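Enquirer:
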Amino acid sequence: MSVVSISTNDPVAYPRTRLPNSPRCWTRASWADDWTLRPDLVPTESTWVAASAGESGTAELLYRYGRVLLPGANAYEDFAPITARGFYVLIEWPTDDGDPMYWLGFAESAITTDHHPARGGLPMSGLQTLPCFDLYRGLQESWVTSTIVDDPAGGVTPRRNESGAVFNRNQIGNRNATKRSIDDSDSAYAFNHPQDGGDFWSTRDIVEHLFAFHLPTPEQTKDDDSIPWQISGLDNLPDWDRPTVATDGRSVASILEDLVRPERMINFRLGITGTPAADDTDPPTIDAVHVVAFTHLESALSVPAFESLPANDDQVEFETELDPLTDTTVDSDDSDVVDQLIVRGPREIAVGTIDYEASAAWEADWTSADETAYADAASGDPGYATLDQDQQRSRNQHVRRSGKLRKVFRSFRLAKQWDGLTVLEDPFFRPIPAEDEMDDPTPYVPFLGNVEVLENLPLYQEIDYAGDVSSIDESDGRTPMQPLFLMEYPSGSTFATIEARQIGNMEFGFSVTEAAELPFNVSPEIDNDFGPRVLLDVSGGPQHAIAGNTFSGTDQDAPQTLYGPYDYKTLKTTVAMRGDRRREVRRPADDEVDGLDVVRRKLITLEDAALQEVHLAADTVVGVAADGTEVVSDGGLIRDPSDQLESIADLLETHYLSPRYRFELQTARRLDGVHVGTLVTTAEGHEEAINAPVVQVTVRSPMTLGDDAPEPPTMTLIAAATPADPLAFLRRDQLEPLQ
Numbered sequence: 001m002s003v004v005s006i007s008t009n010d011p012v013a014y015p016r017t018r019l020p021n022s023p024r025c026w027t028r029a030s031w032a033d034d035w036t037l038r039p040d041l042v043p044t045e046s047t048w049v050a051a052s053a054g055e056s057g058t059a060e061l062l063y064r065y066g067r068v069l070l071p072g073a074n075a076y077e078d079f080a081p082i083t084a085r086g087f088y089v090l091i092e093w094p095t096d097d098g099d100p101m102y103w104l105g106f107a108e109s110a111i112t113t114d115h116h117p118a119r120g121g122l123p124m125s126g127l128q129t130l131p132c133f134d135l136y137r138g139l140q141e142s143w144v145t146s147t148i149v150d151d152p153a154g155g156v157t158p159r160r161n162e163s164g165a166v167f168n169r170n171q172i173g174n175r176n177a178t179k180r181s182i183d184d185s186d187s188a189y190a191f192n193h194p195q196d197g198g199d200f201w202s203t204r205d206i207v208e209h210l211f212a213f214h215l216p217t218p219e220q221t222k223d224d225d226s227i228p229w230q231i232s233g234l235d236n237l238p239d240w241d242r243p244t245v246a247t248d249g250r251s252v253a254s255i256l257e258d259l260v261r262p263e264r265m266i267n268f269r270l271g272i273t274g275t276p277a278a279d280d281t282d283p284p285t286i287d288a289v290h291v292v293a294f295t296h297l298e299s300a301l302s303v304p305a306f307e308s309l310p311a312n313d314d315q316v317e318f319e320t321e322l323d324p325l326t327d328t329t330v331d332s333d334d335s336d337v338v339d340q341l342i343v344r345g346p347r348e349i350a351v352g353t354i355d356y357e358a359s360a361a362w363e364a365d366w367t368s369a370d371e372t373a374y375a376d377a378a379s380g381d382p383g384y385a386t387l388d389q390d391q392q393r394s395r396n397q398h399v400r401r402s403g404k405l406r407k408v409f410r411s412f413r414l415a416k417q418w419d420g421l422t423v424l425e426d427p428f429f430r431p432i433p434a435e436d437e438m439d440d441p442t443p444y445v446p447f448l449g450n451v452e453v454l455e456n457l458p459l460y461q462e463i464d465y466a467g468d469v470s471s472i473d474e475s476d477g478r479t480p481m482q483p484l485f486l487m488e489y490p491s492g493s494t495f496a497t498i499e500a501r502q503i504g505n506m507e508f509g510f511s512v513t514e515a516a517e518l519p520f521n522v523s524p525e526i527d528n529d530f531g532p533r534v535l536l537d538v539s540g541g542p543q544h545a546i547a548g549n550t551f552s553g554t555d556q557d558a559p560q561t562l563y564g565p566y567d568y569k570t571l572k573t574t575v576a577m578r579g580d581r582r583r584e585v586r587r588p589a590d591d592e593v594d595g596l597d598v599v600r601r602k603l604i605t606l607e608d609a610a611l612q613e614v615h616l617a618a619d620t621v622v623g624v625a626a627d628g629t630e631v632v633s634d635g636g637l638i639r640d641p642s643d644q645l646e647s648i649a650d651l652l653e654t655h656y657l658s659p660r661y662r663f664e665l666q667t668a669r670r671l672d673g674v675h676v677g678t679l680v681t682t683a684e685g686h687e688e689a690i691n692a693p694v695v696q697v698t699v700r701s702p703m704t705l706g707d708d709a710p711e712p713p714t715m716t717l718i719a720a721a722t723p724a725d726p727l728a729f730l731r732r733d734q735l736e737p738l739q
């Protein structure tokens, strides 16, 4: 990236004399009108600002009314006070070294001071100050109250419906695939109909959409008589994030400020492209009113899985120490500076297959005494023998469904003696590497008090996880897989596998093929209230329907063979568990700060699911074929956020391991080539890199009561670095922590 050097030390290029004050001002009532030169309006200040803070650029004009001799005039003229407001204002400030600087906006109501009534044949006189705001105010007062939707009939022109829609509503992409336009205006993506699905909107897509369809111009068109809005620097905006943004009743500016802000290392400004007129008396031609997006980055930032942000392509260094007309100051802010930065991702998630018998991971969440009490049920109650059989069965069922007996044959907890291995003795969680590469890694066993079983697997139904997953592509994944709860059932002379939730389901033929058995259903559930547990809730039959043929209850219980051969001891589950480790990056490494008495650390924990580590244990059952055979995966680390965390640490390192800088330049010159968004890299006399974007430029030429003309102008530049917010930077709102 090339850096422009501005050196005012050269007295030939920058003479040691101040330029005369010669700004000019034009006005017009509407955009379609011609510009009128206004020598009676004296510009005293213009300010350009970064718009992400919700601020507009401002200007100030002075106007004398009464009998006034204008600069360069030969005779006095009478001028009435200004009562109009809202007219457009264009100010031109000459520069020392290039093209003029232009400020464009509109005037608010005049503020009158030093008023004198008419007397002695002289008209009333006084001084008025006209506060002006740039055209960003128009975006602040342009409201989104409609939605641009793809034509359901397949036409190329989208339609406009009432009320603003939500970009990526419910964390689901709702963008169409082809850019559209209305009335030959700029093209952009439109909303898709829910029935058609859709792609995710990115920040870049949303900003382009706003400027194509929601600008403050008549009928949202861009004819010759409307303001020539343009969006510039779209390539500086992320096209990989997936923000969820509501729009109805919000201003275009507020949506921009939500998406494009310094914490994300991006910002924007308002500017105009003007062509100076050949004749000094003519106004410049306004070619475009730009909203310009820029980054805060001295060099490009690449975050794996999130693409990248480009470097700021407008960088400048200053050499001014020998210039008597220019002063610079650099202030540092080290309030956030620490000795070590630690960036952590979410707690690890692992998926694997564990069972009741082979891996001994699941154990009965009831005691043998509970099981005996369940079998006896109400048979020992007074008066039990006097009840008829139906009443006895009802009383037994009530006892078995009450209190702690409800757990029997239903609740299975993760055993505290679990060794962290799966059914086939593979590590469930990512294993600990051995110091010697020839040795096997050590299985990791988390503290079960920090472990929870998730409602869904972090796998997708649309993706095939069978076999080798080392190069799997999950980009088409949309629908999470459910945990698998498997039990054995007879298939000819052998046993096959069936999902527990399919037992008794007519869709799988059970009412026909197992006609001799009593039908019932099994509903698996997850429960983490008292540690990791799974539940098998039987409906349409007693809970002991899955207790196998060895269960012996009361004489009133139906023969166990009528429920089939299902036995909870054959339970095998493919579940996801959130463990207690996190991927992390430490800058610098621990051994580089060991010598410090007290290590000041900054800990940043990112719970964004896009940074989620997911370990799929080897030989995990990921499905069951129609014939009951198990579909297994070779397993592996299918999502590794290490590279992303390293890149995010790169982003944050400059803000937490070194000071941030604020650069201010005050000069009696007016410098071309420096504007809001320019990245100040270095300044003569300051050894450290500044790398701060210009956030404000002010040209001031004050004039006080009694002055015949304003004072010579001065220019002030302020550049300031902003702390980065990694969550704001990622802005993938559709990715919530897995449940």
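Residue numbers for the sequence shown follow UniProt numbering, beginning at 1 and rising by one. Note that beta-carbon positions come from the ideal geometry of N, C-alpha and C, so glycine has one too. These figures come from a predicted structure and were not determined experimentally.
1) May I ask you to list the residues that DSSP assigns as paired with D527?
2) Apply the 10 Å Cβ neighbour rule to S511 and answer buried if 16 or more other Cβ atoms are within range, or exposed otherwise.
3) Helix, strand or coil: how does DSSP classify C472 here?
4) Count the other CB atoms, across all protein chains shown, that sit within 10 Å of the CB of H615; report buried if there are 16 or more and exposed otherwise.
5) How long is the line joining the alpha carbons of T95 and R669, rounded to whole angstroms?
6) With G105 and G57 assumed to form a contact (beta carbons below 8 Å), what rounded beta-carbon distance in angstroms separates them?
7) Using C-beta distances below 6 Å, list every residue in its chain close to Y136, excluding the 5 sequence neighbours before and after it, in chain order.
8) What residue range does the alpha helix (DSSP H) around I255 cover?
9) Terminal residues of the continuous alpha helix (DSSP H) containing H209?
10) Going straight from the alpha carbon of V694 to that of H675, what length do you get?
11) Determine the contact status of E263 and T573, defining contact as a CB-CB distance below 8 Å.
12) For R578, which beta-bridge partners are listed by DSSP?
13) Please state whether DSSP places V408 in a helix, a strand or coil.
14) From which residue to which residue does the alpha helix (DSSP H) around D650 run?
15) Excluding the five sequence neighbours on either side, which residues of its own chain have a C-beta within less than 7 Å of the C-beta of D365, listed in chain order?
16) Please list the segments of the beta strand (DSSP E) lying wholly inside the region 263-349, counting only runs of 3 or more residues, in order along the chain.
17) Let's test the definition: count the other Cβ atoms within 10 Å of the Cβ of A118 and tell me whether it reaches 16, buried, or not, exposed.
18) Applying the criterion that 16 or more other CB atoms from any shown protein chain within 10 Å of the CB defines a buried residue, is E141 buried or exposed?
19) For the candidate residues I272, A415, L341, whose alpha-carbon lies nearest to that of V91?
20) Specify, as a first and last residue, the run of the beta strand (DSSP E) that L61 falls within.
21) Between T353 and T550, is the Cβ-Cβ spacing less than 8 Å?
22) T44: buried (16+ other C-beta within 10 angstroms of its C-beta) or exposed?
23) Per DSSP, what kind of secondary structure is R587 in: helix, strand or coil?
24) Below 8 Å, can you find three or more Cβ-Cβ pairs linking the region 617-633 to the region 361-381?
25) What runs of the alpha helix (DSSP H), each 4 residues or longer, lie entirely inside the region 364-432?
26) Out of A649, E162, D567, which has the shortest C-alpha to C-alpha gap to G249?
27) According to DSSP, is H193 part of a helix, a strand, or is it coil?
28) Evaluate I255 with the Cβ neighbour count: other Cβ atoms within 10 Å of its Cβ, from every protein chain shown; 16 or more gives buried, anything less gives exposed.
29) Determine, using beta-carbon pairs with one atom in the region 580-589 and one in the region 311-322, whether at least three such pairs fall under 8 Å.
30) Taking contact to mean 3 or more Cβ pairs, one atom from each stretch, closer than 8 Å, check whether the region 710-726 and the region 686-700 are in contact.
31) Along the chain, where does the beta strand (DSSP E) that runs through R137 open and close?
32) For the beta strand (DSSP E) containing H116, list its first residue and its last residue.
33) My understanding is that D150 touches N176, with C-beta atoms under 8 Å, so please give their C-beta distance in whole angstroms.
34) For T293 and L210, which I take to be in contact (beta-carbon distance under 8 Å), what is that distance rounded to the nearest angstrom?
35) Since P643 and P304 should fall inside the 8 Å C-beta cutoff, what is the C-beta to C-beta distance between them, to a whole number of angstroms?
36) If you reduce the DSSP assignment to three classes, tell me which class L41 lands in.
Expert: Taking the coordinates as given:
1) R533
2) Residue confidence for S511 is low, a pLDDT of 43 falling below 50, so the modelled location carries little weight and cannot support an answer.
3) Reading the sequence as shown, one finds Ile at residue 472 and not Cys. Note: I472 maps to coil in three-state DSSP.
4) The residue is buried, with at least 16 neighbouring Cβ atoms inside 10 Å.
5) 7 Å
6) 7 Å
7) Taken in chain order, the residues that qualify are A51, S56, L270.
8) The continuous alpha helix (DSSP H) containing I255 extends over residues 252-259.
9) 203-213
10) 7 Å
11) no
12) I349, E452
13) coil
14) 642-656
15) K407, S411, F412, R413, R533
16) Look at the region 263-349 and you find these whole runs of beta strand (DSSP E), each 3 residues long or longer: 266-275, 285-295, 315-319, 326-333.
17) With fewer than 16 other Cβ atoms within 10 Å, it is exposed.
18) exposed
19) Residue identity differs from the one stated: residue 91 is Ile in this sequence, not Val. It is I272 whose Cα lies nearest to the Cα of I91.
20) Following the DSSP letters along the chain, one finds L61 inside the beta strand (DSSP E) bounded by residues 58-68.
21) no
22) By the beta-carbon neighbour count (other beta carbons within 10 angstroms, threshold 16), T44 is buried.
23) strand
24) no
25) 368-376, 389-400
26) E162
27) coil
28) buried
29) Three or more Cβ pairs closer than 8 Å define a contact, and the region 580-589 falls short of that threshold against the region 311-322.
30) yes
31) Per DSSP, R137 belongs to no beta strand (DSSP E); it is in the alpha helix (DSSP H), 136-140.
32) 111-116
33) 4 Å
34) Per the sequence shown, the amino acid found at residue 293 is Ala instead of Thr. Incorrect: roughly 12 Å between the Cβ atoms, too far for contact.
35) The displayed chain sequence assigns Asp, not Pro, to residue 643. Correct: roughly 4 Å between the Cβ atoms.
36) strand
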